[in-house]
Structures are given as C-alpha cells and as structure tokens.
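*Asks:* Be aware that the sequence shown starts at 52, since it is given in the numbering used here, and climbs by one per residue.
Built from N, CA and C at the ideal position, the CB exists for glycine as well.
Here the structure is a predicted model, which is why all the values come from computation and not from measurement.
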Amino acid sequence: MKRVARYLLLGWFLLAAGCGGDDRPKEDARATGPATLLFAASEGGRGWDIYVENVVTGTRTNLTNTPSTATSELDDRSPTLSPDGSMITYTSTADNPSDGLVGEEIFVMRRDGSKQRRLTDDDDVDVQPQWTPKGRIFFTNCPSSQEAVPGCGLDLILPDGSGRQTIVGNIGLAFGVSLSPGGDRIAYAGLDETLQPLGLFVRRLDSAEGERIGEGGSPQWSPDGDRIAFLSERDENGRCLFRECVGHAPELYLADADGSSERRLTETSAVESFAGWTPDGEWILFSRIRDEEDDYDVYAVRADGSCEVQVTDTEAWEWSATWSGSTESLDC
C-alpha cells in the first residue's frame, strides 16, 4: 500500500484529468464573456479551495470554502468549466479528510459555487475530471487497494451522478490524462513499474495502445486539437523543490499532436507546472514558483513564445488555472 501511495503522489505532483467522434459544439460558451480565471488556491499553507477571479478587476471569490481541521487538510482541486459555462467539475477530499490523495472524489457544482454534489463514491483514486463535448464528465480512476502498482482506467459519468461507465479498463501507469477537444483521443504520461517515465503518449479511445510522441508530462490539448502543451525537465535548467523531490525543474513545451515541431516556451530556473490553454488557442497558462520561499502564481505565454504575462500575484499558491472569456487583457 505504501508503494501505491508513493506512486500516486509522484504522478500527482511531478506529472500533474460514449466518447465518440468529433462531436464538439460549434459554439463554446467558455470563449465568450469577461476574462475569468478558474483555479485552485491554498491560502495560509493549509487546504485547497476552488476560486474564480475577474482578471480585469481582480475580484476573487472562494467557491468551495471547504474548512480544514486541526489534523486534516481538506482539498478541492482541478476545476474545469463545462462547455456551456454553467457548471464546474473538480476533485475534493471533503468527505475523506484522512485519506489524502486516495480520498479524492469527483464533484460538480454550479458556476457560482452553489449545488455542490459528489459524483463518485469508491475506494479508488478519482482524478483529472474534464468535460466531454456532450457535457459528460471524463476522469481517471486508479485502484488503491492493492500492493502492486495499479493500472488506471478511464470513466464517464453524468453531472447528476448517474450513468457511470468505464470506457477504457486499463491504460497502464498513466498520469495527467488529457481528453482531446473532439473527445476521441487522449494524451498522457506513462510510467513503468519502477516509476520511471516512459514518455508522452497519444492514443485514440478506440485503439488498443498509445503512440509515444516524445518525453514529458502534464499534456494539454489546444482547443483545435492540433497541438499539445506539456512539461519537461529535459534541459535540467533548474533544481526541483521541496522535500523528497527528484529530478529538475520542469519547463513548458509545445508540439504538434504527432510530436513534431517541438519547441520550448520557457527558459528559467523556476519550476513551471500545470499547463492549460485559453479558449482562443492563443495563450498557454501555467503556474510558476522560483524557490522554497516563493509561492505559485499563474502566468500566460503566447503559443508562439513571443510574450509572457504574470496573471496573479498573491501570497497564495495558485494551481490548475483555466481561462474563460476574452483574452484582450493579456498583453505585453
């Protein structure tokens, strides 16, 4: 069990989400309206909550307000906005305060934070919730009750908690699974049974295996499905941070979906993590921390690497940011 827990934590922190053909909506509500940032944040060093912020005014609202206790941190993380802009799915340990990552379950709420509802209830690790084009919730499910390193599966569930089904029973040791905008492909980072990275893979959901396209983790599809942003420490440009870490500081990269035209977008000694896209495909979001005394803030960089903007600047740790609305406020 200890090996499984170590494995899951490694995947979470170092590599960190019927699907059918291309049925994506013609219009996506996430691309319209005021510039809004949805993210997970930890203030004061205990517990994580889901926040929404008006990027122009800086007005920030805590949507979950999940209280931590003196002995347990209760965490809400990995928020994503539905295609119609009305709902948010996220992970939470609110009902499993002592289980850590193993206690992660999939939740959903309205965009204003009301009507919070738990969708999964099992002893497994349920992570990486994402919306399909048809408005269902896609997530990764990893067994936690066995001594051997588990193989993770991919599940679907409706926002009301019904209709849960497994669409891929075992994709092996996969983390940071990202569903393509068309709902027919996934990108993910693979590990072998000794927890060593195997690389970055792309796989069709109707295929028996994935194709290795490069080295890296935390892949995120561009809105048009043609490119993938990801993280890699291949250049060894900085040290990893905090206790028991291994390797070097990850940096942000971009490649075509087949692994070609690879390019590096950041070049710092800081740790970059949690890549995401703006709905117009022009900008890539990520979080950055420079050293152990710093905090994670959200940044954006143009997909061509020509401009970088700091989006948040607070004493809180801010991760897993997603953007909705206009990007006019992002400018160098």
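(1) Give the secondary structure of S371 by DSSP, where H, G and I count as helix, E and B as strand, and everything else as coil.
(2) Should D382 be labelled buried (16 or more other beta-carbon atoms within 10 Å of its own) or exposed?
(3) Could I get the ranges of all uninterrupted beta strand (DSSP E) runs contained in the stretch 303-369, with 3 residues as the minimum, in chain order?
(4) What does D177 pair with, by DSSP beta-bridge criteria?
(5) Which term fits N192, buried or exposed, when burial requires 16 or more other beta carbons within 10 angstroms of its beta carbon?
(6) Is it buried or exposed for C5, if we count other Cβ within 10 angstroms and need 16 for buried?
(7) Quick one: Cα of V159 to Cα of T140, how far?
(8) Between the C-alpha atoms of L282 and P301, what's the straight-line distance to the nearest angstrom?
(9) What is the rounded straight-line gap between the Cα of G186 and the Cα of G204?
(10) Using DSSP with H/G/I as helix, E/B as strand and the rest coil, what is R215?
(11) Kindly indicate which three-state DSSP category R263 falls into: helix, strand or coil?
(12) DSSP on A240, reduced to helix/strand/coil?
(13) Quick check: what's the CA-CA separation for A372 versus T378?
(14) Identify the residues that DSSP records as bridge partners of E94: which are they?
(15) Under the rule that 16 or more other beta-carbon atoms within 10 Å means buried, what is T110, buried or exposed?
(16) Near A351, which residues of its chain fall below 6 angstroms by C-beta distance, leaving aside the five closest residues on each side in sequence?
(17) Going by beta carbon distance, what residues of the same chain come within less than 7 angstroms of N116, once the five residues before and after it are set aside?
(18) Helix, strand or coil: how does DSSP classify G227 here?
(19) For A145, name the three-state secondary structure that DSSP assigns.
(20) Among residues of its own chain, excluding the 5 on either side of T87, which ones have a beta-carbon nearer than 8 angstroms to its beta-carbon?
(21) Taking the C-alpha atoms as reference points, what is the distance between D73 and E369?
(22) Please classify Q271 as buried or exposed, where buried requires at least 16 neighbouring CB atoms within 10 angstroms.
(23) Around the C-beta of R81, are 16 or more other C-beta atoms found within 10 angstroms, so that it is buried, or is it exposed?
(24) Identify whether G204 lies in helix, strand or coil by the three-state DSSP scheme.
(25) So, with DSSP's three-state summary, where would you put D73?
(26) Does the Cβ of K77 have 16 or more other Cβ atoms within 10 Å, making it buried, or fewer, making it exposed?
(27) Which stretch, first to last residue, makes up the beta strand (DSSP E) that contains E104?
(28) Could you give the residue range of the beta strand (DSSP E) that holds Q397?
(29) Would T144 and L125 be called neighbours here (beta carbons separated by less than 7 angstroms)?
(30) Output yes or no for whether 7 angstroms exceeds the beta carbon distance between S231 and G276.
(31) Please list, in chain order, all residues of the same chain as G223 whose beta carbon is under 7 angstroms from its beta carbon, the five residues on each side excluded.
*Replies:* Based on what the coordinates show:
(1) Taking the first residue of the sequence shown as 1, we reach residue 371 at position 320. Residue state, collapsed to three classes: strand.
(2) Here residue 382 refers to the residue found at position 331 when the sequence shown is read from its first residue. Exposed.
(3) 322-328, 334-340, 348-353 and 359-361
(4) Start at 1 with the first residue of the sequence shown, and residue 177 comes out as number 126. According to DSSP, which records beta bridges pairwise, D177 is partnered with N192.
(5) Taking the sequence shown and counting its residues from 1, one reaches residue 192 at position 141. N192 should be labelled buried.
(6) No answer is possible for residue 5: it lies beyond the span of the chain, which begins at 52 and ends at 383.
(7) Here residue 159 refers to the residue found at position 108 when the sequence shown is read from its first residue. Here residue 140 refers to the residue found at position 89 when the sequence shown is read from its first residue. Their backbone Cα atoms lie some 4 angstroms apart in a straight line.
(8) By one-based count along the sequence shown, residue 282 stands at place 231. By one-based count along the sequence shown, residue 301 stands at place 250. Roughly 6 angstroms separates the two Cα atoms.
(9) The count along the sequence shown starts at 1 and reaches residue 186 at position 135. The count along the sequence shown starts at 1 and reaches residue 204 at position 153. Rounded to whole angstroms, G186 to G204 spans 20 angstroms at the Cα level.
(10) What you label residue 215 is simply residue 164 of the sequence shown in a count that begins at 1. In the displayed model, R215 falls within coil according to three-state DSSP, outside both helix and strand.
(11) By 1-based counting over the sequence shown, the position of residue 263 is 212. The answer is strand: DSSP assigns R263 an E or B state.
(12) For this step, residue 240 is matched to residue 189 along the sequence shown. It is a strand residue.
(13) The sequence position of residue 372 within the sequence shown is 321, counting from 1. The sequence position of residue 378 within the sequence shown is 327, counting from 1. The straight-line gap from Cα to Cα measures roughly 14 angstroms.
(14) As a first step, residue 94 must be located in the sequence shown, where it is residue number 43. Answer is none; E94 lacks a bridge partner.
(15) Within the sequence shown, the letter at position 59 stands for residue 110. T110 should be labelled exposed.
(16) By 1-based counting over the sequence shown, the position of residue 351 is 300. Excluding positions up to five away in sequence, the list reads W334, L336, V360, V362 and L381.
(17) For the purposes of this step, residue 116 is identified with residue 65 of the sequence shown, where counting begins at 1. Once the five neighbours on either side are set aside, the close Cβ partners of N116 are D100.
(18) Here residue 227 is taken as the residue at index 176 of the sequence shown, counted from 1. Three-state DSSP puts G227 in a strand.
(19) By one-based count along the sequence shown, residue 145 stands at place 94. For A145, the three-state secondary structure derived from DSSP is coil.
(20) Position 36 of the sequence shown holds residue 87. For T87, where only same-chain residues beyond five positions count, the Cβ hits under 8 angstroms are V103, E104, N105, V106, W374, S375 and G376.
(21) The residue you call residue 73 lines up with position 22 of the sequence shown. The residue you call residue 369 lines up with position 318 of the sequence shown. Annotation note: pLDDT 44 at D73 (below 50); position unreliable, coordinate value reported separately. For D73 and E369, the distance between alpha carbons rounds to 33 angstroms.
(22) On the sequence shown, residue 271 is found 220 positions in, with the first residue counted as 1. Buried.
(23) Position 30 of the sequence shown, counted from the first residue, corresponds to residue 81. R81 is buried by the Cβ-count criterion.
(24) On the sequence shown, residue 204 is found 153 positions in, with the first residue counted as 1. Looking at G204 - three-state DSSP - the assignment turns out to be strand.
(25) Position 22 of the sequence shown holds residue 73. Here the model assigns D73 a pLDDT of 44, short of 50, so the residue's position is not dependable, and the following value carries that caveat. In the displayed model, D73 falls within coil according to three-state DSSP, outside both helix and strand.
(26) For the purposes of this step, residue 77 is taken as residue 26 along the sequence shown, with counting starting at 1. Low local confidence applies: a pLDDT of 48 at K77 is under 50, so the model's placement there is unreliable, with the coordinate-based value given in what follows. When all chains shown are included, K77 counts as exposed.
(27) Indexing the sequence shown from 1 puts residue 104 at position 53. Per DSSP, E104 belongs to the beta strand (DSSP E) from D100 to N105.
(28) Limits of the chain in this structure are 52 at one end and 383 at the other, which puts residue 397 out of reach.
(29) Position 93 of the sequence shown, counted from the start, is the residue given in the question as residue 144. Position 74 of the sequence shown, counted from the start, is the residue given in the question as residue 125. Yes, the Cβ-Cβ distance between T144 and L125 is below 7 angstroms.
(30) The residue given as residue 231 occupies position 180 in the sequence shown. The residue given as residue 276 occupies position 225 in the sequence shown. Yes, the Cβ-Cβ distance between S231 and G276 is below 7 angstroms.
(31) For this step, residue 223 is matched to residue 172 along the sequence shown. Excluding sequence neighbours, G223 sits near G202 and G241.
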